[in-house]
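K.L.:
Respectively, the protein sequence lines represent chains A and B. Numbering-wise (this note's numbering), the first sequence opens with residue -2 and increments by one. Numbering-wise (this note's numbering), the second sequence opens with residue 26 and increments by one. Quick one: the structure is below, and I'll ask about it shortly.
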Amino acid sequence: MKTILEPETAAEWEWVRLCQKGDREAFAALVDLHKSWIHAHLYRWVQQRELAEDMTQEVFLRAFARIKKFRGEAKFSTWLFQIALNMARDHWRSAERRKSDPRSMEEGELADTATPSAETQLGEGQSRRRVFGALQGLPEIYRETLMLRYYSELSLDEICQIQGQGLSNVKMRIARGLGHLRKKMEEQKDES
Amino acid sequence: MNPEELKTLRALLGEDFSLKEIEEMAQQDPGLLSSASVLSEALRIPKAGTPPLSPNFTAKLLGALPMRSPWLRGWEGLFNWKSLSWVGAAAAFFGLAYLGYQLIQAPEPPIAQVQEQKLQKVHFRTHPAQAQSVSVAGDFNQWVPWPLTKQADGSFAGEWEIPEGSYAYSYLLDGNRWVPDEARGNTIEDGFGKKNTLLNL
């Protein structure tokens, strides 16, 4: 997966500049360049196919609406990633408010991501669904940090950059987050 | 501490965590150590984990972009560099077309003017009775006075190359008096009651 620390190309900067002047073809070029990895992150964060695609579309619509304010202090990919993460935060909060049960997710939502055998597929799907459900119940800061570390596979440096935190803080969040996750999974096991 | 579990926890946390940090974590939360393998498995992302986007994703997205108002488009269009370059190109085209038209319409210059004219060295010299400065002006210099240089004998003289032709000229004394060149003779009426000298080269 593309990392947010990858440098931009000269062409990308030119597209951004043209896009700021309202050039839709340049915007289409930026979308084609970034849509896959943005979608990949969103899918891992929400684990629902249609929702992830809708959110990806919304990320780019928001980016287009705000691109004149983009001054290049951060990389364009980092800026897009922040928009996507903010959308995910909103989604997680609203999901929390609704107290939605991720176990009620449409059957097969995760099945298409799976590995060779049907049995393994089912087993892994259930396991991932269980841990995803447990993650939803964690305090926001731990949930986000674990999502970034394990679902988005970001380095600690990248997480520090995204969250605006020092390395020791991020390490502490991961350690405590894993502790919370373990307890949450045990609770779920007891309930079932 | 079980070395295998410690190893699994270390793999889960990554190389950014030192062994000391991991041991401290395990001491604070022993359950973390025992569940490290379960967590590792559960948090593992399958390589083929993301379904593809719709093939027409970009087209759909572009269709969903807000339309700009025609007024705004017109205003922006007027002042962007692309439009300005088109306006510039159009102005240059019409400018060149106008110049071409003017050249076609303009009367042909006389052949004598087109042909390269030979230059003749002409010496002007005068010795007026009372004058502090003397200049020469005529058809050859569009009546813009050329100053003569005062000589040791009190006369004024100057020499210029002038194209062959026929010219009327006079000396201008002290900037306010016009007198013909008496030494050259050959005067003609100027139509204002005075005389000019005729120079044929």
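A virtual CB, placed ideally from N, CA and C, is assigned to each residue, including glycine.
Starting from Trp185 (chain B), trace the beta strand (DSSP E) in both directions and tell me its first and last residue.
P.N.:
181 to 188
K.L.:
With a cut-off of 8 Å, does the C-beta of Leu48 (chain A) fall near any C-beta of chain B?
P.N.:
no
K.L.:
Is Ser60 (chain B) close to chain A? Criterion is C-beta to C-beta, closer than 8 Å.
P.N.:
yes
K.L.:
Can you pull the DSSP bridge partners for Lys146 (chain B)?
P.N.:
B:Glu186
K.L.:
Span of the beta strand (DSSP E) holding Tyr196 (chain B)?
P.N.:
191 to 198
K.L.:
Nearest CA to the CA of Trp34 (chain A): which residue from A:Ser74, A:Gln123, A:Thr142?
P.N.:
A:Ser74
K.L.:
Between the Cα of Tyr40 (chain A) and the Cα atoms of A:Phe129, A:Ser165, A:Leu164, which residue gives the shortest distance?
P.N.:
Ranked by Cα distance from Tyr40 (chain A), the first of A:Phe129, A:Ser165, A:Leu164 is A:Phe129.
K.L.:
Got a sec: which bits of the region 73 to 92 of chain B sit with their beta carbon under 8 Å from any beta carbon on chain A, in order along the chain?
P.N.:
Ala73, Gly74, Thr75, Pro76, Leu78, Ser79, Phe82, Thr83, Lys85, Leu86, Leu87, Ala89, Leu90, Pro91
K.L.:
Can you tell me which of the three DSSP states Ala71 (chain A) falls into?
P.N.:
coil
K.L.:
Strictly under 8 Å for the Cβ-Cβ distance: is His119 (chain B) near chain A by that measure?
P.N.:
The sequence given here places Phe at residue 119 (chain B); His does not occur at that position. Chain A, which has no Cβ nearer than 8 Å to the Cβ of Phe119 (chain B), makes this no.
K.L.:
Let me know the secondary structure DSSP gives Asn221 (chain B) once reduced to three states.
P.N.:
strand
K.L.:
Under 8 Å, do His31 (chain A) and Leu77 (chain A) count as touching if we go by C-beta distance?
P.N.:
Result yes, Cβ atoms of His31 (chain A) and Leu77 (chain A) sit closer than 8 Å.
K.L.:
Expressed to the nearest angstrom, what Euclidean distance is found between the alpha-carbon atoms of Lys220 (chain B) and Tyr194 (chain B)?
P.N.:
If you take the alpha carbons of Lys220 (chain B) and Tyr194 (chain B), they lie about 9 Å apart.
K.L.:
Whole angstroms is fine: what's the gap from Gln127 (chain B)'s alpha carbon to Phe118 (chain B)'s?
P.N.:
14 Å
K.L.:
In the DSSP assignment, what are the bridge partners of Arg202 (chain B)?
P.N.:
B:Leu198
K.L.:
Which residue's Cα is closest to the Cα of Ser62 (chain B): B:Leu87, B:Leu31, B:Lys45, B:Leu90?
P.N.:
Closest by alpha carbon: B:Leu31.
K.L.:
Leaving out five residues on either side along the sequence, give the residues of the same chain with a beta carbon under 8 Å from the beta carbon of Leu34 (chain B).
P.N.:
Ile47, Met50, Ala51, Leu57, Leu58, Ala61
K.L.:
For Ala162 (chain B), list the residues DSSP reports as bridge partners.
P.N.:
B:Ser195
K.L.:
With a threshold of 8 Å between beta carbons, is Glu46 (chain B) in contact with chain A?
P.N.:
yes
K.L.:
Check whether chain B comes within 8 Å of Ile171 (chain A), counting only Cβ atoms and requiring the distance to be less than that.
P.N.:
yes
K.L.:
For Leu27 (chain A), is the classification buried or exposed, using 16 other Cβ atoms within 10 angstroms of its Cβ as the cut-off for buried?
P.N.:
buried
K.L.:
Going by beta-carbon coordinates alone, are Phe61 (chain A) and Leu90 (chain B) separated by less than 8 Å?
P.N.:
yes
K.L.:
Just tell me which of A:Ser91, A:Leu143, A:Val13, A:Thr6 has its CA closest to the CA of Phe57 (chain A).
P.N.:
A:Val13
K.L.:
For Thr245 (chain B), does the three-state DSSP call read helix, strand or coil?
P.N.:
It is not possible to answer for residue 245 (chain B), since the shown part of chain B is limited to 26 through 226.
K.L.:
Which first and last residues belong to the alpha helix (DSSP H) in which Ile213 (chain B) is found?
P.N.:
Taken as a continuous stretch (DSSP letters only), Ile213 (chain B) belongs to no alpha helix (DSSP H), being part of the beta strand (DSSP E) at 212 to 214.
K.L.:
If you draw a straight line from the alpha carbon of Ile138 (chain A) to that of Pro80 (chain B), how long is it in whole angstroms?
P.N.:
35 Å
K.L.:
In chain order, what residues of the same chain have a beta carbon less than 6 Å from the beta carbon of Asp164 (chain B), not counting five sequence neighbours either side?
P.N.:
Tyr192, Ala193
K.L.:
Going straight from the alpha carbon of Ser158 (chain B) to that of Val147 (chain B), what length do you get?
P.N.:
20 Å
K.L.:
Gly113 (chain B) CB to nearest chain A CB: under 8 Å?
P.N.:
Answer no: the Cβ-Cβ gap between Gly113 (chain B) and chain A never drops below 8 Å.
K.L.:
To the nearest angstrom, how far is the alpha carbon of Glu188 (chain A) from that of Met182 (chain A)?
P.N.:
10 Å
K.L.:
Who are the Cβ neighbours of Val112 (chain B) in its own chain at under 8 Å, not counting the five residues just before and after it?
P.N.:
So no residue of the chain qualifies.
K.L.:
Taking only the alpha-carbon atoms, compute the straight-line gap between Pro205 (chain B) and Pro172 (chain B) and give it to the nearest angstrom.
P.N.:
15 Å
K.L.:
Output yes if chain B places a C-beta closer than 8 Å to the C-beta of Phe61 (chain A); else output no.
P.N.:
yes
K.L.:
I want to verify the contact list: residues of chain B whose CB lies under 8 Å from the CB of Gln54 (chain A), in sequence order.
P.N.:
Phe82, Lys85, Leu86, Ala89
K.L.:
What are the partner residues of Trp76 (chain A), as DSSP defines its beta bridges?
P.N.:
Its beta-bridge partners do not exist; DSSP assigns none.
K.L.:
Taking 8 Å as the CB-CB limit, is Gly125 (chain B) close to chain A?
P.N.:
no
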